[in-house]
Amino acid sequence: MNCQACRQENREGARFCNACGRPLEERCPSCGQSVAPGARFCDGCGAPLTATPPAAATRPTRAPVSYTPHHLAEKILTEGRALRGERKEVTVLFVDVQGSTDLAGALDPEEFHSVMDGAFQLMLDSVHHWEGTVNQFTGDGIMALFGAPIAHEDHVRRALQAALEIQRGFGEYAAGLRREKGLAFQVRLGLNSGPVVVGAIGDDLRMDYTAQGLTTNLAARMQQAADPGSVLVAASTYRLGEGYFRFRSLGPMRVRGVAEPVEAFVLEGEGTVVSRLEASLRRGVSPFRGREAELLALGECWDRVVKGQGEAVCLVGEPGIGKSRLAYEFRRSLGIPDWVEGAALSHARNAPYFAFRPLLRQLAGVDPEADLSVMRDHLHRRLWDLSPDLATFAPEILSILGTAREALRQADVRDDRQDRLRQAVSLWVQAECHQAPRLLIIEDLQWLDPSSEELLRHLALDCRGIRLMLIMTSRLPIAGTNLELGRIREVFLKALSAEDIHALVDAQVEPYPASDRLGRTVAVRSEGNPFYVEELVRAFRERGDLVLDHGAYDLREGAEGVVPSTINALIASRIDRLPVSARELLADAAILGMQFPLAHLRALVASDRFEEDLALVERRGFLDRQEGLVAGLAFRHVLTQEVSAGALLQSDRQSRHHRAAEMLERLYRGRTEEVCDQLAYHWAQSDKRVQALPYLLTAADGAVAVGANQEAIGHLQAALALATEYPGATGKDELNAIRLKLAGLHFVVGER
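Residue numbers for the sequence shown follow the working numbering, beginning at 268 and rising by one.
Take a look at the structure:
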């Protein structure tokens, strides 16, 4: 069987090419059934398999033909993921089957194909369940990416969950083969997290991938060094997964291709931490600052709840602003045992009632690890104690308390059954509140599944006359959602003050205080976001950028520009949830800088959807409108601008700077001296750097005219460097004139 892409000959029965990894078998893009080569229509569902060939410059729009499941393929293509090359923070997973060579010798080809097909299917199912992408087949295994093409702020946790799932699945699969056929084979897994470069996605959803670089190489080395049956991870993955998972350190080890020994850790299982707040608390809690008014308001709500006037409150704010911490501190301030908590997760948005599962288990007093029979007994007993009539709803409530994987198969929940489920939970919560005031916390409403959202809306309406306080957290306002009908009070959390930020930094660098410079740097770069503060200081410390100077911690010169991988992943995942055109607008905005006139962005962005996309990025909190004589825009966070620009490949970044320079020349024709600094900057960052030269000279003259001699020196030095780099760009006299001006300015500055 020859591969249609590379013409490599493959054995009969093979599903993927052993040279390029592409699927050997054509499948219907609608139903996934195998189809004969050259067929025009699927004989399973009747869908057309061919279309009019697109123009040469047009990207094909048919659904992908690949091993990627339909729902994930749709998600990738409809949202336009990675249609151009870009930089991504990802976790790379390598999986390799041990003993496959011996198996091939012991089995006939058909039986061997069946065994390996089952092994590959197990890997694919686990990777796709956690929204990873299989990038290539590596003979006896796979390479998978988490965080590309779909960016996820929790890409490390997803990859580790997939690794554990593959490890467990292979254990069961191998045990079955051992019993049935007397065969023995195991799997080795390796992971590493860090930056990579991904290219454009092809029709089959495979990505061109720059395999050079430490992130990928180290993941492969971890897999090669792992013992059969084990999962080995590098230090970067360990740091980001610590607490969420259990690890065992192997200490530093020599790895081929890496000069220094690297730390390696064996993944041993899931940990006890389930949220970012818990992970932060394990490392040591930071001072709780700047939320006194909000804490007082929540306390007043609780006073009303105790008197029988229920309250539903939603804490709203950007990621990391402190919503979960405020809920935690409020719960702690009450000192009551009767609170329960649930949370929506980004990977469970299609799992019905997922957010309510942990909450209802806590209400029933059921251990999360309990099996179904124990869960049934506990639940029935609890409901019977509250009311014999309530116990009749046990089957409905029990149907909610499944695993996340099982819930994904419950997509056919009927309306009448949902009504009875909502009634059951509502009556149960009301019965609990008759015994004592209750606090229910549900986190991350932005990821809420539709069933949980509807149930939460009913609870918010029902709580008014009972002793129930509902506290929710959300990154987005609830206006415009079904929850708006639940009469929920919203509390919007704002950025912390510079004074509060400095106090947080002081606490993190104890026993010595932070210098004014370190405090200011963190305050500016965090923009008042406490999570950003913690991660920035943590990154500075891990990189060795904090230096003790005169009894205070200062920042090493040149270290200000660091963007921790945790913040990068968080911001990138938010950006990636935008439509393609809105992401392109944001990338162009990042090229223009932290703030810029609205007219500049409008002239730069070539899109009919400009107004619609701009409104969306403003609504999502990426850009803020600035009113004045000239309408302007500004990034809400400097880190957002840096992450957006940093995701661009150098060629793409240069092209956008080129377009920005041409846009300014067009808008300011005849008066370019007004924007000569910006023109010099954009041309210098473009693929036509030499065109910055005349604007640098004009900018230098302008700086001298207002006495800004240091700035003039900077412009002239840049001009001299360009003139030296491009000898034909200036004549000898002009070059000497630049040197003479520089010498004169140095003399003036030196005299002062």
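The beta-carbon is built from N, C-alpha and C at its ideal position, and this holds for glycine as well.
Expected contact under 8 Å - CB spacing of residue i and residue j to nearest Å
i	j	result
residue 815	residue 852	Rounded, the Cβ-Cβ distance is 44 Å, inconsistent with contact.
residue 550	residue 523	The Cβ separation is near 33 Å, so there is no contact.
residue 1021	residue 741	Shown here, the chain extends from 268 to 1019; a query on residue 1021 therefore has no answer.
residue 708	residue 569	Not quite, the Cβ-Cβ distance comes to about 13 Å (not below 8 Å), so this is no contact.
residue 532	residue 521	So it is not a contact: roughly 16 Å between Cβ atoms.
residue 364	residue 374	The pair is not a contact, with the Cβ atoms about 14 Å apart (cut-off 8 Å).
residue 609	residue 624	7 Å
residue 781	residue 819	6 Å
residue 513	residue 538	5 Å
Exposure of residue i, with buried meaning 16 or more beta-carbon neighbours within 10 Å
i	result
residue 817	exposed
residue 414	buried
residue 759	exposed
residue 361	buried
residue 547	buried
residue 577	buried
residue 772	buried
residue 640	exposed
residue 325	Its pLDDT being 30, under 50, residue 325 is placed unreliably by the model, and nothing is read from it.
residue 832	buried
residue 752	exposed
residue 359	buried
residue 811	exposed
residue 368	exposed
residue 799	buried
residue 321	Caution is warranted here: a pLDDT of 31 is assigned to residue 321, below 50, making its placement in the model unreliable, and the coordinate value is therefore given only provisionally. Exposed, because fewer than 16 other Cβ atoms sit within 10 Å of the Cβ of residue 321.
residue 348	Only weak support is given to the placement of residue 348: the predicted model assigns it a pLDDT of 46, under 50, and the value that follows is read from those uncertain coordinates. So residue 348 ends up on the buried side.
Cβ pair residue i, residue j closer than 8 Å
i	j	result
residue 959	residue 915	no
residue 660	residue 694	yes
residue 417	residue 390	no
residue 775	residue 503	no
residue 572	residue 410	no
residue 904	residue 794	yes
residue 213	residue 420	As displayed, the chain neither begins before 268 nor continues past 1019, which places residue 213 out of reach and without an answer.
residue 451	residue 366	yes
residue 1016	residue 977	yes
residue 453	residue 441	yes
residue 617	residue 716	yes
residue 838	residue 788	no
residue 803	residue 849	no
residue 730	residue 594	no
Collapsed DSSP secondary structure at residue i in the structure displayed
i	result
residue 434	helix
residue 323	The predicted model places residue 323 with a pLDDT of 30, which falls under 50 and marks its position as unreliable, so this point remains unresolved.
residue 872	coil
residue 806	helix
residue 793	helix
residue 363	strand
residue 417	coil
residue 574	coil
residue 718	helix
residue 1008	helix
residue 706	strand
residue 798	helix
residue 1014	helix
residue 461	strand
residue 891	strand
residue 654	coil
residue 764	coil
residue 746	coil
residue 597	helix
residue 755	coil
residue 329	Because the pLDDT at residue 329 is just 31, under 50, the model does not fix this residue reliably, and the point stays unresolved.
residue 884	helix
residue 772	helix
Residues that residue i bridges to, as DSSP identifies them
i	result
residue 821	814
residue 863	900
residue 501	531
residue 520	529
residue 606	706
residue 914	Paired residue(s): none; residue 914 is not in a bridge.
residue 512	509 and 537
residue 738	580 and 708
residue 400	412
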